[in-house]
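Heads up, the thing below is written out as structure tokens.
Number of protein chains: 2
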Amino acid sequence: MAIGDELVTGQTVDTNSAWLAEQVRVRGARVRRLVVVGDDVEQIAGVFRQGLDQADWVIATGGLGPTADDLTRAGIARAIGVKLEESREALGRIEAFFERWQRPMPAGNRLQALLPGSCAVVPNPRGTAPGVWYRGPRSQLVALPGVPGEMKAMFADSVAASLGAAASGRVGVVRRVNTFGLPEAVVGEAIADLMVRARNPAVGTTASGGVISIRVVGAADSAAEAEALVAADVAEVRQRLGSVVFGDGDEALEHAVARLLMAAGKTVATAESCTGGLLAKTLTDVPGSSAYFIQGYITYSNRAKTALLGVPADLLELHGAVSGEVAEAMARGCRAAAGTDFALATTGIAGPDGGRPPERPVGLVYVALADAAGVRVERLLLGAHLSRAEIRDRAAKVARNMLRLSLLGWPAA
Amino acid sequence: MAIGDELVTGQTVDTNSAWLAEQVRVRGARVRRLVVVGDDVEQIAGVFRQGLDQADWVIATGGLGPTADDLTRAGIARAIGVKLEESREALGRIEAFFERWQRPMPAGNRLQALLPGSCAVVPNPRGTAPGVWYRGPRSQLVALPGVPGEMKAMFADSVAASLGAAASGRVGVVRRVNTFGLPEAVVGEAIADLMVRARNPAVGTTASGGVISIRVVGAADSAAEAEALVAADVAEVRQRLGSVVFGDGDEALEHAVARLLMAAGKTVATAESCTGGLLAKTLTDVPGSSAYFIQGYITYSNRAKTALLGVPADLLELHGAVSGEVAEAMARGCRAAAGTDFALATTGIAGPDGGRPPERPVGLVYVALADAAGVRVERLLLGAHLSRAEIRDRAAKVARNMLRLSLLGWPAA
């Protein structure tokens, strides 16, 4: 549960809850629900009551500051039916904090020592707001400050071990397999029998920017058992999906490309028109990319395509800048100029203007890959339902994926 | 309400809810609660029931995909006590989507046309997942896909107007002014008297990636009154902060640069080492950027700096690739080769490895701007507390800001 007007008004995105959810999960507990409410004592108390009623643990962040709109302490008091009382322990810690930093303590900070009766103090090593721990007859409630650095330190120091011990034995393990090149529905069909409800591990898919990820979440009595269950499913998913799988966990296409290029000791250069530098940017996002990335060109104008990459002016005239012929000439010219093993080229219409349907709609992109054997070109119709940013992103991903498949020995065509 | 296992497990941060909360607020409605649940039909139905009971509107995102773990449709059906039925309208829209893009429709996508009886279809102009609209006796429920681009388009097209009409009373107006170049505390001091509590409009600052934004949120009985209140504060903020203000709303530095370049009829080229294409990418993120962006170089290797930009090999030898001298030579060489009015160059250590403190720590970056008058170089010490991605981002922002100030006639030095 996250508390704060800035969260329910959309001013700030609540990132604490996702961090806590992951921490809770890896300790073997299951997160039922994440809730965000504003600085409203009735709302806060209502969600606390419901949480204590339906869950074993409630972990809250925010609303412990020194101002009048920090109402988490009052919300807990109302939810559990006690009064706020000045905690000597909390006050001592707050005073010690200011002493350590040799600053006078503002009067407002004394408010932070007013805690719901019968609750324990969660020490805050990095700030003034003490946390609150309520141990109820059936459930527990822990309230931590909203400042991420303070919250994370307090969770690690004071909450994590108890939560892990309390989580009824089962340990959860999550792994993710990332694919590119097939629609979500097709990936789903290939592993439909693994995605049935109530199966352990649970298998599901998520789509983001053309990358379809398969999540495998297993639970068992020990980490080793859960690990083994999940590993078996991951192997099965990888086996069925073959070369569309490019990596695990947080790995992106550029990491797979980097690994393959470094293993093979090969180099790459780029020549971009519609992607405007994005392809080179993603390839150089990877630390150590200077081992394989030599140079890149952004040739937005026709003149630049001719001057830098040697694309013949009459080819541009005849086929237009957005054509398979020009993509091929860009890749070939780039590879020759850079002296690299591979060269990637993009040319297309990223929009929103500049399309001439039906032959040249927005989203028409040609991607070319040149290597020692020659040049392969892919024609993409990314469609006007994608934004300019999405079209550029997708085109650069297709380029990285062509290079990846080529390094795996798979002709992309 | 956001739905998806990836959200309750902490794998993905839910950003849709914050976006929707802001949209709801500016239309004069108040957001009570944001809830995230996993792909569990009982949980989903339970939250829907509670929402329909306690609020006038429930807006949900996610769980409308074509696979078996997409359970929002089933959750609505259970919450309102109806069965799922194939909607001819929804199926027709899904089929039309595939037809338009000339692709065969995977069997799985047919599932997306199974909607709760008595619900209306919310058209999805950008994807296959139809939205669902339930108009109950007292409250309404709208379910949209989790893909942000689709969700936002559908909210704007189909939901926003009804919601605005339904929300009674006060109208909220939000405007944002964006600055670059001063720390948040300094910006805050300049407008401290506007940031007092309980003032209308409410003025606050947020920092993100070096950009400090000032938000002005006003409320009044009519949109015109709220607009006027907010406009007065925006004018005051702009007046006090002067040239550090680069734009409003969602405007980024590249939009300000694009506007100024187009107005002046000037052109730019880029030569990037540590930013690896990111600078060109941001400059070409803007539709119509071919009017001012001519070409770019990514010269990662020393050889490329010499071959493409004419940086003398002995300069590289003498000062090292990460030096003001080399940044200057890169900018000068780039401008000469591209024949543009301006050229921007970056060279630095983005890390995480490759730093040699104390003289050359990670985060040391030189940014150079060449124009007809000569070359200006800025030396940045971005600091090891920033990640590789943040160092690259900040360096590219400084480059765009130097160009912006130069176009305004302000020497950056």
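Sequences listed follow chains A and W, in order.
Under our numbering, the first residue of the first sequence carries the number 1, and numbering increases by one thereafter.
Under our numbering, the first residue of the second sequence carries the number 414, and numbering increases by one thereafter.
Just so you know, even glycine gets a beta-carbon here, dropped at the ideal spot from N, CA and C.
DSSP, read as helix, strand or coil, puts N613 (chain W) in coil.
Sequence-distant partners of Q436 (chain W) (beyond 5 residues in either direction) whose C-beta falls short of 7 angstroms from its own C-beta, in its chain, are F568, A573. Not a single C-beta of chain A is nearer than 8 angstroms to the C-beta of W470 (chain W).
Cβ atoms of V31 (chain A) and A21 (chain A) come within 8 angstroms of each other, at about 5 angstroms. F659 (chain W) is not bridged by DSSP to any residue. Beta-bridge annotation (DSSP): T760 (chain W) is paired with W:Y779. The Cβ atoms of A370 (chain A) and R400 (chain A) do not sit closer than 8 angstroms to each other. Apart from sequence neighbours up to five positions away, the residues of its chain that approach E597 (chain W) with a beta-carbon distance below 6 angstroms are T618, A620, I625, ordered along the chain. Three or more Cβ pairs closer than 8 angstroms define a contact, and the region 48-55 of chain A falls short of that threshold against the region 186-196 of chain A. Below the 8 angstroms Cβ cutoff, chain A contributes A21, V31, R32, R33, L34 as neighbours of V421 (chain W), in chain order. Excluding five sequence positions before and after R27 (chain A), the CB atoms of its chain that fall closer than 6 angstroms to its own CB belong to L163, G164, A167, given in chain order.
D233 (chain A) and A120 (chain A) have their C-alpha atoms spaced approximately 43 angstroms apart. Under the Cβ distance rule, E251 (chain A) does not count among the residues neighbouring chain W, no pair being separated by less than 8 angstroms. Chain A has no Cβ within less than 8 angstroms of the Cβ of A487 (chain W).
Within chain A, no residue has its CB atom less than 8 angstroms from the CB of K565 (chain W), the nearest being about 10 angstroms off. In this structure, R360 (chain A) sits away from V326 (chain A), with a CB-CB distance that is not shorter than 8 angstroms. Neighbours of F706 (chain W) in chain A, taken as residues whose beta carbon is under 9 angstroms from its own, are G276, I298, Y300, S301 in chain order. Leaving aside the five residues that flank V811 (chain W) on each side, the residues in its chain whose CB is nearer than 7 angstroms to its CB run, in chain order, V780, E791, L793.
With a threshold of 8 angstroms between beta carbons, D452 (chain W) makes contact with chain A. If you ignore the 5 residues before and after V311 (chain A), its C-beta comes within less than 7 angstroms of the C-beta of K305, V326, A329, M330, G333, all in its own chain and listed in chain order.
Sequence-distant Cβ neighbours of G768 (chain W) in its own chain, meaning closer than 7 angstroms and more than five residues away, are I762, P774, V775.
When A:P116, A:G62, A:V171, A:V8 are compared, the shortest CA-CA separation from A442 (chain W) is found for A:V8. Assignment of alpha helix (DSSP H) within the region 258-320 of chain A, counting only whole runs of 4 or more residues, yields 278-283, 302-309, 313-319 in chain order. The distance from the Cβ of I391 (chain A) to that of V365 (chain A) is about 7 angstroms, consistent with a contact at the 8 angstroms cut-off.
Under DSSP, Q553 (chain W) forms a beta bridge with W:W470, W:R548. By alpha-carbon distance to G10 (chain A), the top candidate from A:R197, A:V37, A:A224 is A:V37. Excluding the 5 residues flanking it on each side, P145 (chain A) has same chain C-beta neighbours closer than 8 angstroms at T61, G62, L64, G65, N124, G127, A129, G131, M151, M154, in chain order.
At a cut-off of 8 angstroms between beta carbons, Q652 (chain W) makes no contact with chain A.
Rounded to the nearest angstrom, the Cβ distance from V454 (chain W) to M414 (chain W) is 14 angstroms, too far for a contact under 8 angstroms. G63 (chain A) sits in coil when the DSSP states are folded into three classes, being neither helix nor strand.
Excluding five sequence positions before and after L194 (chain A), the CB atoms of its chain that fall closer than 6 angstroms to its own CB belong to V203, given in chain order. The bridge partners DSSP lists for D233 (chain A) come to none.
The beta carbon of R491 (chain W) lies closer than 7 angstroms to those of V454, A458 in the same chain, with the five residues before and after it left out. Contact note: V426 (chain W) reaches chain A through V13, T15, A18, using a C-beta cutoff of 7 angstroms and chain order.
For a cut-off of 8 angstroms, the C-beta gap from G562 (chain W) to S289 (chain A) is around 29 angstroms, too long to register as a contact.
Secondary structure note for A120 (chain A): its beta strand (DSSP E) is the uninterrupted segment 120-122.
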